[in-house]
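Heads up: the sequence shown begins at 2 in my numbering, then just goes up one per residue.
Just so you know, even glycine gets a beta-carbon here, dropped at the ideal spot from N, CA and C.
Below is one structure, written out as structure tokens; the observations come after it.
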Amino acid sequence: MRVFMIAAALAAGGAPVSSSFDAGMAVPPPPAVEARHLQAASSAPSGGERAVVDKIVHLQGRRLALCLVRSGSAGMAVLSIPEDSAVPSLPEIPAAEFLGLVTEASGCRPDGKVRKVSSRRGTIAVSTGLDCAAPGS
């Protein structure tokens, strides 16, 4: 009864009233959400090769997650803390040490600047681009 009184007051005042509100109908629930794992590697439409590799590496006595993403001759490397880590931030890693780790793990040449992702907890990720156009990479 209260709903109809509010709807009548709004309609009398010239405010637009939803027909579902006016009829006292409930709002429909949101559509179902479905989660699926994506395939790690697939062929790119242009004929290039795409790959995603997740590795656990040890650096300065810590277990860290290194994700290497490659599409054709370009890619990206991201070093972060693993999900199960008790320490919420990365140790202080010199750029040269990170770039050496990326070169060794990927076989590609680092390309571009080393970028840090910081939060209130400290540095949570470090990344750089990859150039895999060199022979043998």
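Environment of P111 [buried if 16+ CB atoms lie within 10 Å]: buried
As assigned by DSSP and simplified to three states, the class of S107: helix
Give the DSSP-derived three-state secondary structure of G139 in the structure shown. Residue coverage of the chain in this structure runs from 2 to 138, which leaves residue 139 outside it and unanswerable.
L100, DSSP secondary structure in three states: helix
Going along the chain, which residues of its own chain have a beta-carbon closer than 6 Å to the beta-carbon of C58, five neighbours each way excluded? In the sequence as displayed, the identity of residue 58 is Val instead of Cys. Excluding positions up to five away in sequence, the list reads L65 and L67.
Taking the beta strand (DSSP E) that A126 belongs to, which residues open and close that run? G123 to D132 is the span of the beta strand (DSSP E), which, as asked, contains A126.
Can you look up V58 in the DSSP assignment and give me helix, strand or coil? Of the three classes helix, strand and coil, the one that applies to V58 here is strand, per DSSP.
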